[in-house]
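For reference, the structure discussed in these notes is given below.
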Amino acid sequence: PSLRRGEDANGLLSSAAFDEEVAAPPVPLSSSLADQMARFNVGEDCPVFDGLWEYCQTYSGGSIEGARRVVRGEYDWAINWAGGLHHGKKHEASGFCYINDCVLAALEFLRFKHRVLYVDVDIHHGDGVEEAFYTSPRVLCCSFHKYGDYFPGTGALDDVGIDEGLGYSVNVPLSEGVDDAMYTRLFRQVMDMIMESYRPEAVVLQCGADSLSGDRLGCFNLSIDGKRLPRF
544 PSLRRGEDAN
554 GLLSSAAFDE
564 EVAAPPVPLS
574 SSLADQMARF
584 NVGEDCPVFD
594 GLWEYCQTYS
604 GGSIEGARRV
614 VRGEYDWAIN
624 WAGGLHHGKK
634 HEASGFCYIN
644 DCVLAALEFL
654 RFKHRVLYVD
664 VDIHHGDGVE
674 EAFYTSPRVL
684 CCSFHKYGDY
694 FPGTGALDDV
704 GIDEGLGYSV
714 NVPLSEGVDD
724 AMYTRLFRQV
734 MDMIMESYRP
744 EAVVLQCGAD
754 SLSGDRLGCF
764 NLSIDGKRLP
774 RF
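Here the sequence shown is numbered in the working numbering, starting from 544 and rising by one per residue.
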């Protein structure tokens, strides 16, 4: 997909509740670089590097443009190989993620659709996306992830949304070592119920590969066949 202009991304960032940071006054020059980085949680696992803004434009623009082309009927589905940065938050970067392109893709669909389903099969909980839509019934977030003493430490079974979004967050916390058979059974049961009751008009899928067996950051025992499940 083509690179979206910066103003396109900025407009969606505002509507994604990133507006406070986008519109905030510049940090005073007297502030130290360390203070500025700490404010937005950059450094360490979210480092600053030359071309960071262009990188964010590219992967975020890919997800936005993909959603637009699906809405226009040009394609049945679109893939952004550089996307899926699902930990990005309203006020900060997190977990190797800067701008949350999953949220932006969902927001683009919401311009034309009433109900969007977000499915996350990364080994880490999709906390940034869930947080963005935790009070909304228009995006149902479903995450299959390792739970417990594991980043980001969220996504409990009873995290189900609040206010108008109550019941629109579905978390499937799993233990390490889950294999294809267990994953298949759970995935099909949960997704069948969601598709029947929610009837989404568009789907955003975060298909992180770190739940595959042998991943250095993962601890599941899934094969390539197991990861084909998102073709629901």
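From the three backbone atoms N, C-alpha and C, an ideal C-beta is built for every residue, glycine too.
Since the structure is predicted, the reported quantities are computational estimates derived from the model, not experimental observations.
Within the same chain, Cβ atoms closer than 6 angstroms to the Cβ of Asp706 are found at Thr678, the five residues on either side in sequence being excluded. Remark: three or more beta-carbon pairs, one from each stretch, lie closer than 8 angstroms, so the segment 707 to 718 and the segment 680 to 691 are flagged as touching. Ile666 is classed as buried because its beta carbon has at least 16 other beta carbons within 10 Å across all chains shown. In this structure the segment 734 to 752 touches the segment 652 to 664; the number of beta carbon pairs closer than 8 angstroms is three or more. Here the alpha carbons of Val659 and Ile642 stand approximately 20 angstroms from one another. The residue among Arg654, Ser637, Arg611, Val591 with its C-alpha nearest the C-alpha of His668 is Ser637. Distance between Lys770 and Ser718, taken at the CA atoms: about 17 angstroms. Burial is judged here by how many other beta carbons sit within 10 angstroms of a residue's own beta carbon; Gly757 has fewer than 16 and is exposed.
Asp663 is bridged by DSSP to Ser686, Gln749.
For Leu760, the closest of Phe639, Gly616, Pro590 by C-alpha to C-alpha distance is Phe639. Around the beta carbon of Phe592, fewer than 16 other beta carbons sit within 10 angstroms, so the residue counts as exposed. Sequence-distant partners of Asp619 (beyond 5 residues in either direction) whose C-beta falls short of 8 angstroms from its own C-beta, in its chain, are Val613.
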